[in-house]
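Peer 1:
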Amino acid sequence: MLTKILEIRNIAIDTYRKVRHIVNPVIKFIVALLVFSNLNSAIGTDPRFTKTSIVLLLSLVSAVTPGGVMVFFAMALTLLHVYNASLYLAILVLLIFMVLYATLMRFSNGNAIIAVLIPLLAPLNLHYAVPLILGCVATPVAIMPCACGVVFYYLIDVIKNFSGINLEKVNVDILIDYYNDLLNVIVGQKEMYIVIVVFALVILTVFLLRRLPFDYSFLISIGAGAVVNIIGFLVGSLKFNLSISVGTVIFMTLICALIAVVSDFMKRVLDYTAIEHVQFEDDDFYYYVKAVPKIKISMTNHNIRILSTSDDVRDSDEYPDDEDYVSAYSEQAPGYDLYNGYDDEDAQAQDDRDDYGRDGEGYEGEYDQDGYYDDNEGYEEDENMAMRYAMSDVKGDYESDFEEEMDIDDDPDGIDR
Amino acid sequence: MIDNNKVRIMTRMSIYEKHEGKEDLRFNKYFKSDYARLQVLRTLVSVSIAYIIFALLFVLYNLEYIIDNVLTLDYPALGKQILGGYIVVLAVYLIGSLVGYSLKYQFSRKRLKKYYKLIRELREIYKDEDSYGNEL
Numbered sequence: 004m005l006t007k008i009l010e011i012r013n014i015a016i017d018t019y020r021k022v023r024h025i026v027n028p029v030i031k032f033i034v035a036l037l038v039f040s041n042l043n044s045a046i047g048t049d050p051r052f053t054k055t056s057i058v059l060l061l062s063l064v065s066a067v068t069p070g071g072v073m074v075f076f077a078m079a080l081t082l083l084h085v086y087n088a089s090l091y092l093a094i095l096v097l098l099i100f101m102v103l104y105a106t107l108m109r110f111s112n113g114n115a116i117i118a119v120l121i122p123l124l125a126p127l128n129l130h131y132a133v134p135l136i137l138g139c140v141a142t143p144v145a146i147m148p149c150a151c152g153v154v155f156y157y158l159i160d161v162i163k164n165f166s167g168i169n170l171e172k173v174n175v176d177i178l179i180d181y182y183n184d185l186l187n188v189i190v191g192q193k194e195m196y197i198v199i200v201v202f203a204l205v206i207l208t209v210f211l212l213r214r215l216p217f218d219y220s221f222l223i224s225i226g227a228g229a230v231v232n233i234i235g236f237l238v239g240s241l242k243f244n245l246s247i248s249v250g251t252v253i254f255m256t257l258i259c260a261l262i263a264v265v266s267d268f269m270k271r272v273l274d275y276t277a278i279e280h281v282q283f284e285d286d287d288f289y290y291y292v293k294a295v296p297k298i299k300i301s302m303t304n305h306n307i308r309i310l311s312t313s314d315d316v317r318d319s320d321e322y323p324d325d326e327d328y329v330s331a332y333s334e335q336a337p338g339y340d341l342y343n344g345y346d347d348e349d350a351q352a353q354d355d356r357d358d359y360g361r362d363g364e365g366y367e368g369e370y371d372q373d374g375y376y377d378d379n380e381g382y383e384e385d386e387n388m389a390m391r392y393a394m395s396d397v398k399g400d401y402e403s404d405f406e407e408e409m410d411i412d413d414d415p416d417g418i419d420r
Numbered sequence: 356m357i358d359n360n361k362v363r364i365m366t367r368m369s370i371y372e373k374h375e376g377k378e379d380l381r382f383n384k385y386f387k388s389d390y391a392r393l394q395v396l397r398t399l400v401s402v403s404i405a406y407i408i409f410a411l412l413f414v415l416y417n418l419e420y421i422i423d424n425v426l427t428l429d430y431p432a433l434g435k436q437i438l439g440g441y442i443v444v445l446a447v448y449l450i451g452s453l454v455g456y457s458l459k460y461q462f463s464r465k466r467l468k469k470y471y472k473l474i475r476e477l478r479e480i481y482k483d484e485d486s487y488g489n490e491l
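Protein chains in written order, with the numbering used here: chain A, 4 to 420; chain B, 356 to 491.
1. For Met108 of chain A, count neighbouring Cβ atoms within 10 angstroms of its own Cβ and tell me buried if that reaches 16, exposed if not.
2. Between the region 185-217 of chain A and chain B, which residues of the former have a C-beta closer than 8 Å to a C-beta of the latter?
3. Within 8 Å: the Cβ of Ile189 of chain A and any heavy atom of the ligand SAH?
4. Determine the burial state of Asp483 of chain B: buried for a count of at least 16 other Cβ atoms within 10 Å of its Cβ, exposed for fewer.
5. Could you tell me if Gly3 of chain A is buried or exposed, where buried requires 16 or more neighbouring beta carbons within 10 angstroms of its beta carbon?
6. Would you kindly report the start and end of the unbroken beta strand (DSSP E) that includes Gln282 of chain A?
7. What's the gap between the Cα of Val272 of chain A and the Cα of Ser224 of chain A?
8. Are the beta-carbon atoms belonging to Ile159 of chain A and Thr81 of chain A less than 9 Å from one another?
9. Relative to the alpha-carbon of Glu284 of chain A, which residue among A:Ile278, A:Val292 and A:Ala277 has its alpha-carbon at the smallest distance?
10. Candidates A:Asp49, A:Leu178, A:Ala35 and A:Leu124: which alpha carbon is nearest Tyr157 of chain A's?
11. Am I right that Ala229 of chain A and Leu257 of chain A are in contact with their C-beta atoms under 8 Å? What's the rounded C-beta distance?
12. Which whole-angstrom value describes the C-beta separation of Ile189 of chain A and Ile99 of chain A, a residue pair presumed to lie in contact below a C-beta threshold of 8 Å?
13. Which residues does DSSP list as the beta-bridge partners of Lys293 of chain A?
14. For Gly455 of chain B, decide whether its Cβ has a neighbour in chain A, counting only Cβ atoms nearer than 9 Å.
15. Measure the C-alpha to C-alpha separation of Tyr456 of chain B and Leu396 of chain B and round it to an integer number of angstroms.
16. Does the beta carbon of Gly381 of chain A come closer than 9 Å to any beta carbon on chain B?
17. Put Leu273 of chain A into one of helix, strand or coil per three-state DSSP.
18. Taking Cβ-Cβ distances shorter than 9 Å, what residues in chain A pair up with Ser401 of chain B?
19. Tyr19 of chain A lies in the alpha helix (DSSP H); which residues open and close that run?
20. Which residues of the region 401-426 of chain B have a Cβ closer than 8 Å to any Cβ of chain A? Give them in chain order.
21. What three-state label does DSSP hand Tyr487 of chain B in the structure shown?
22. Report the residue from A:Tyr289, A:Tyr290, A:Val231 and A:Phe221 whose alpha carbon sits nearest the alpha carbon of Phe445 of chain A.
23. Pull out every residue of the region 87-100 of chain A whose Cβ sits closer than 9 Å to any Cβ of chain B, in chain order.
24. Between Leu453 of chain B and Ala391 of chain B, is the Cβ-Cβ spacing less than 9 Å?
25. Suppose only complete runs of 4+ residues qualify. What are the alpha helix (DSSP H) ranges in the region 411-439 of chain B, listed by chain order?
26. Starting from Pro134 of chain A and walking both ways along the alpha helix (DSSP H), at which residues does that stretch end?
27. Helix, strand or coil: which one does DSSP assign to Thr53 of chain A?
28. Anything in chain B within Cβ reach of Val144 of chain A, meaning under 7 Å, just list it in chain order.
29. Spatial neighbours of Ile364 of chain B within its chain, please: CB distance less than 6 Å, with the 5 preceding and 5 following residues excluded, ordered by chain position.
30. Answer yes or no: does any C-beta atom of chain B fall closer than 9 Å to that of Ala15 of chain A?
31. For the region 373-386 of chain B against the region 463-472 of chain B, do three or more pairs of beta-carbon atoms, one drawn from each stretch, fall closer than 8 Å, so that the two count as touching?
32. Strictly below 8 Å CB to CB, what residues from chain B border Asn27 of chain A?
33. Need the endpoints of the alpha helix (DSSP H) that Glu194 of chain A sits in, please.
34. Say whether chain B places a C-beta atom closer than 9 Å to the C-beta of Tyr182 of chain A.
35. What did DSSP end up calling Ile94 of chain A once you bin it into helix, strand or coil?
36. Who are the Cβ neighbours of Leu185 of chain A in its own chain at under 6 Å, not counting the five residues just before and after it?
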């Protein structure tokens, strides 16, 4: 069962690697389309900006630009819709956006897209997955864009109330109420601040626990993050009388924890039954290394080679297990290499094929999971798997090349300042 | 004739330059302390602007109360509270940005060292090629 799941994971990752240059922009385009469509349906007061052509154009530009551009478009769209309702409210919203940018968004560090993902997922209650996944893949700086997303969600929630109303014609008292509602989002909204604090705690909990060197730390950190999320909202709900359904929070947190586990499973699978503890030293340090190997399974690789020109053999459909057939046929026929299309080079290539059925020559030089070109991926990675991945898992995700890590101090150019 | 090893090194370098390299090479213009100071200064400006706007929004939110009590408000105490809040917020942001940007700089140096190692390898290949050409 587990082997089957791992095989599916391998196929999914391989397929993604092959098509990621197309899939990534497509996913971004779909996310942008959903963000702008939801925004327009929630607060779309200006018909000029709710047109499908405008939404498609914005989504298209967002698909091929960094995540920050999508956030900028979302904020600009919000501002334009509010401006259509009232100039003064638009000025207020602009000031709020300026505060958000200066205090939160400028520290987003490449995770700006989270600011629009939270308002997108919140109506489905799937936004609890965001801090859990961020804790697994990002640093605590991700708290900033996450908090910005929460503020953005509550802001849209308030703007919804006066969307579609011509504020120039309403009573002054009602207008002042709207002003107060809008100001209340950033100044006095307790619920929003509790959500921000809980999400920040979840990110910190998952981040800190996943770095600790105990078995199954990734799974345990996600579980702990889910518990913090539930307890945080429970306390907030009881103490501050929040309008949050506790049952929904518990159920959706469990679903979101499952999503986070699947996401982590796609990133890495560690074999805790084969942990290596090694000790060694160099001139400067003595090392105690705990090496947890990653589980890698070999995929079945059917190579069909036609060894006969006769019609009955050429049709490979008649031989369900072609690999066995080729093997058996090759052993029984001593002169098989004289057949057409099978020369010494082919024989050498077959000898070079490793246990995983990969051709050494063709496999050399591939892009690794993080998108970097790695000419060692293939043979060396499997041979030195325990040691090399130990370093990456002990030290963190940003360093995985053990050999290069060891001689980083050797720098004759003197760039170390 | 195409040198596979050279192509491999140049590809790795090019991919790095395309992604983190852009930012890392920009950091390379600064010493660590200069870079951290510059970022802290930027944070100082942005947080100060944000605090002023936030204070303005706070005044607007409580405008009714302020107008009602305009004569009885304890302005020195209010000023102290606003200043105290500003100092606390500023301290948190400045310390956070100092630590965060210093770490960011350190990580970029590590990546740059690998990049320079590739440059050295490439230089060796060119040296070998030159010496081979001179021999001919």
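Each residue gets a CB set at the ideal place from its N, CA and C atoms; glycine is no exception.
Peer 2: In terms of the structure at hand:
1. Counting Cβ neighbours within 10 Å, Met108 of chain A comes out buried, since at least 16 surround it.
2. Cβ contacts with chain B: Leu186, Asn187, Ile189, Val190 and Gly191.
3. Looking at this structure, you won't find the ligand SAH or any other ligand, since it has none at all.
4. So Asp483 of chain B counts as exposed.
5. Summary: the structure shown does not reach residue 3 of chain A, with chain A confined to residues 4 through 420, and so no result is reported for it.
6. Per DSSP, Gln282 of chain A is one residue of the beta strand (DSSP E) stretching across Glu279 to Glu284.
7. Roughly 15 Å between the two C-alpha positions.
8. Taking 9 Å as the cut-off, the Cβ atoms of Ile159 of chain A and Thr81 of chain A count as close.
9. The alpha carbon of Glu284 of chain A has as its nearest neighbour, out of A:Ile278, A:Val292 and A:Ala277, the alpha carbon of A:Val292.
10. Relative to Tyr157 of chain A, the option among A:Asp49, A:Leu178, A:Ala35 and A:Leu124 whose CA is nearest is A:Leu124.
11. Indeed they touch by this definition, with Cβ atoms about 7 Å apart.
12. With 8 Å as the limit, Ile189 of chain A and Ile99 of chain A qualify as a contact, their Cβ atoms being about 5 Å apart.
13. Answer is A:His280, bridged to Lys293 of chain A.
14. True, the Cβ-Cβ gap to chain A drops below 9 Å.
15. Rounded to the nearest angstrom, the two C-alpha atoms are 12 Å apart.
16. Reliability fails at Gly381 of chain A, whose pLDDT of 42 lies under 50, so the model's placement of it is uncertain and the value that follows must be treated cautiously. Look at Gly381 of chain A: its C-beta is not under 9 Å from any C-beta on chain B.
17. Three-state result, Leu273 of chain A: strand.
18. Correct list: Tyr104, Ala105, Thr106 and Arg109.
19. For Tyr19 of chain A, the enclosing alpha helix (DSSP H) begins and ends at Leu5 to Ile46.
20. Residues of the region 401-426 of chain B with a C-beta less than 8 Å from any C-beta of chain A: Ser401, Val402, Ile404, Ala405, Ile408, Phe409, Leu411, Leu412, Phe413, Leu415 and Tyr416, listed in chain order.
21. Reduced to three states, the DSSP call for Tyr487 of chain B is helix.
22. Look at the range of chain A in this structure, 4 to 420, and you will see that residue 445 of chain A is not part of it.
23. The residues in question are Leu95, Leu98 and Ile99.
24. Going by C-beta atoms, Leu453 of chain B is nearer than 9 Å to Ala391 of chain B.
25. Counting whole runs of 4 or more residues, the region 411-439 of chain B contains the alpha helix (DSSP H) stretches 418-423.
26. It spans Ala132 to Val140 - the alpha helix (DSSP H) in which Pro134 of chain A sits, taken as one unbroken run.
27. The answer is coil: DSSP assigns Thr53 of chain A none of H, G, I, E or B.
28. Under the 7 Å cutoff, chain B gives Gly455.
29. For Ile364 of chain B, where only same-chain residues beyond five positions count, the Cβ hits under 6 Å are Leu473, Glu476 and Leu477.
30. No, no contact with chain B.
31. These segments touch.
32. Chain B residues near Asn27 of chain A: none, gap ~13 Å exceeds 8 Å.
33. Looking at the DSSP string, the run of the alpha helix (DSSP H) that includes Glu194 of chain A is Lys193 to Arg213.
34. Chain B contact via Cβ: present.
35. The three-state secondary structure of Ile94 of chain A, taken from DSSP, is helix.
36. So the list reads Leu95 and Val161, once near-sequence residues are dropped.
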